[in-house]
Structure formats: structure tokens, C-alpha cells
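Notes follow once the structure below has been shown.
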Amino acid sequence: MTPEYNKVHNRFKYNGIHFNHEDLKEVAYSLIKEGEAYEKVTGNFLTDWLSDKDYLIVNTSGSTGQPKSIKLKKQAMVNSAIATGDFFGLEPGNSALHCLPSHYIAGKMMFVRALVLGLELDFVEPSSQPIFDYKTHYDFCAMVPLQLKYTINYVQNIKTIIVGGSMVTKPLLEKISNSSSRFFETYGMTETVTHVAVKQLQSLANNGETHFKALPNVTFSKDERDCLIISAPNLVEEDLVTNDIVDLKSETSFKLLGRYDNVINSGGVKLFPEQIEEKLQPIIKERYIVAGEADDTLGERLILIIENPSESVDGILSKLQKLKTLDTFEVPKHIYTIDKFKVTNTGKIQRSETLKAVLG
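First residue of the sequence shown: 1, per UniProt numbering; consecutive thereafter.
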């Protein structure tokens, strides 16, 4: 029998204490009135979740477009929590560390998973370097790559860590490979109630994977642009057409190639910025993106934009030309610098806004 959104699992705990439905309303009220800023946001979310409404209004991050508010059915959020629990084998009484802000869907869903699955949730202040008891053993945790970067040496007692929200860099992947925890990169969005697919990362506990695998009751196809179509009837009523170009291995597995709206057509050659950016990681320390700029001969020429680089442009260009992993067309034709990238509230780079700021 599928749990309902208005029920609180009898094994649920919040910072070591079990609360039933009515008790949790009092906790939410207290967080709103007396809590720190991050706790007030959590209090507001819990108040909304425990209300009689069967939906929530949730804000998107705005990383691939303008931020917007969308309506999510609470039962869809419950279904998402169950799918995550089934995939990762989470059971009532398992422990979870929660270090994400409650403004957006990822942070909200950590609470929903705990409430629905009966997890014992420890909630700590969200920050780029979350502070938690490194000696406590946890079964499950969700982080963004920046958080994992700063805590990778202290997560040995967390069994499973899911990572999402932005790209997992090669330096971080190398550190993950030496860790004893299990790590999974996630794929999803607010509209799909967080992740609908995960990809296992190389660590001492697991082999790495190249393709994302679907969560239960999710299947994939692609359109004429080779963009992913998500069918998840338990989460969204209609199939969701994305702008993510994929190599579809099966209806439950795909390799992510890049964003359709980011693709650069340079002299008839399609270039995927995300793949080129991955190849540039060994030689550029700062944040950067590659993009397309109008060109009379090529249609678009490949450019590189770096945030406040510590090395000269000529020095970086020299390294690029020597980088053997780059194909001829993947070498940027020009390098621009910017003092600070345009970013969302969650720190994701806004490509189009940054490009406008650079090119005018």
C-alpha cells in the first residue's frame, strides 16, 4: 500500500526525536518564530507540507532559464521518495544526514524521504562546508559537488552519498575514487521531483558507470533532436521533453552529452560545451565555460570564458594548444575573462547571462 502525503512514519525522527503529525506542526511553528534563517525556511516548508493542500508551490533554480514557480503534487513527492528508497535499499530506522537548504526541491525532498520512509534525519546548517559529527554513521546523504569537495575527507562514515545540482569535476572524482563510501551522480530537475536517474561513481566501494540508470517506474526515449524524453507517470502526468541531448542505451539507461541550447555549430561541426569543459579541467583552476560567438566564416566560433584567472591569457592559450585530448575544432579561438560569473541563487553558472555580460 502506497503511503499518503498526510501521514508521518512512526519511525521518523528529526534530530533524534520522533514527532507525529501534530507535534511536527508545533516544531514548524517554533522554527519559523525562533529559528535561524535556514530553519525558518524549513519551518515554512513543513507548515506547507503538513497543511490540507495536496500540492506545493516550488521554485526552480534558474540554471537553464528564468527561475519560476511550479505546482507539485504532494503524492508525486511521496512517490519520488519511495522510488529513491527502493533503488538505494533504504529501510525504516535508517539514518540520514540532511545538509541542503530547504528553498529548493532537493532540500525539501530530504525531509519528505525521511517522513515517508521512516528515516532518522539529522538536519545541520546548509553551507558550502557543512559541519556534522564525522564519527556518526549515516546510511544516506545528498550533497552538491561543492559541499562534497570540502567534506570528502570526512564522509567515510556515510554509506551512500548522492551528488547533484552541477557537474562533478575530475579533481573531485579522483578524491571520490579513494573513498570507501558509495557515490551516485543524479539526473533530474524540479519538474521531475528531483532525480529520475543516477550514475554510480568510481570509489573503493563501487565501480564507476558511464550511463545514468532510471529509478523505478521511469522510462526514457528521445525526440528528433536526440533530446531526452522522460516518462514518469508517478511523478508527472505527461511525458517531459527536455533539452538534454543523450545517447540512449535503452529505455532505462542513457549517456548525457550536453544541452541542446548550448550546442555550438562551428563550420558545420556540432560542439558540446559540457564535453569540452570536462577536457579542460586539468589545465584551468578557476571557474570557466565555453560558448559560441558569431563568426562570419564559421557561423559560430568556440570561445572560452574564465572567471578572474590567475594565469595570463597567453599562458592558458599555449596550454590549450598542447592539450592532446582536444580535437582540432575543440580548441577555443578566443579567450575572454570576467571578474565574476552570473550565477543563480544556488551558485550555478547562468551561461546565457554570462555570455551577454562578456560580449555585450
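Note that CB positions come from ideal geometry on N, CA and C, so glycine has one too.
Secondary structure note for Gly-258: its beta strand (DSSP E) is the uninterrupted segment 253-259. Burial check for His-195: the Cβ neighbour count within 10 Å reaches 16 or more, so the residue is buried. Within the same chain, Cβ atoms closer than 8 Å to the Cβ of Gly-188 are found at Gly-164, Thr-194, His-195, Val-196, Ala-197, the five residues on either side in sequence being excluded. Around the C-beta of Tyr-134, fewer than 16 other C-beta atoms lie within 10 Å, and the residue is accordingly described as exposed.
A straight line joining the alpha-carbon of Ser-318 with that of Ser-312 spans about 10 Å. Taken in chain order, the complete beta strand (DSSP E) segments of 3 or more residues contained in the region 304-353 are 334-338. With a cutoff of 8 Å on beta-carbon distance, His-103 and Leu-121 are scored as not near each other.
Straight-line spacing of the CA atoms in His-137 and Leu-117 works out to 18 Å. Distance from the CA of His-18 to the CA of Glu-36, rounded to the nearest whole angstrom, comes to 21 Å.
When DSSP states are grouped into helix, strand and coil, Thr-169 belongs to the coil group. With a cut-off of 8 Å on Cβ pairs, the region 292-311 is not in contact with the region 237-257, counting fewer than three such pairs.
When the five nearest sequence neighbours on each side are left out, the beta carbons in the same chain lying within less than 6 Å of the beta carbon of Pro-216 are those of Ala-83, Asp-86, in order along the chain. Taking the C-beta atoms as reference points, Ser-80 is found nearer than 8 Å to Met-109. Rounded to whole angstroms, the Cβ separation of Pro-273 and Ile-264 is 7 Å, and the two are in contact under 8 Å. Using a Cβ distance threshold of 8 Å, Leu-24 and Thr-42 do not count as a contacting pair. The C-beta of Tyr-29 has fewer than 16 other C-beta atoms within 10 Å across all chains shown, which makes the residue exposed. Check the Cα spacing between Thr-60 and each of Lys-333, Lys-175, Thr-344, Lys-213: the tightest is with Thr-344. Counting the other CB atoms within 10 Å of its CB gives Arg-113 a total of 16 or more, which places it among the buried residues. With distances taken between CA atoms, Lys-279 lies nearest to Leu-323 out of Leu-323, Asp-296, Asn-262.
Shown here for Cys-227: same chain residues with a beta carbon closer than 8 Å to its own, the five before and five after excluded, namely Val-241, Thr-242, Asn-243, Asp-244, Ile-245, Val-246, Tyr-260 in chain order. The Cβ-Cβ distance between Ala-142 and Ser-180 does not fall below 8 Å. In the DSSP annotation of this structure, the continuous segment of the beta strand (DSSP E) that includes Val-246 starts and ends at 240-250.
Arg-351 counts as buried, since at least 16 other C-beta atoms from the protein chains shown sit within 10 angstroms of its C-beta.
The alpha-carbon separation between Lys-53 and Asp-327 amounts to approximately 54 Å.
Taken in chain order, the whole alpha helix (DSSP H) runs of length 4 or more contained in the UniProt domain "AMP-dependent synthetase/ligase" (51-200) are 74-88, 105-117, 145-151, 170-176. DSSP places Tyr-29 outside any beta strand (DSSP E); the residue lies instead in the alpha helix (DSSP H), whose first and last residues are 21-34.
Just so you know, the alpha carbons of Met-167 and Asn-15 end up roughly 30 Å apart. In the assembly as shown, Ile-158 is a buried residue. Its beta-carbon has 16 or more other beta-carbons within 10 Å.
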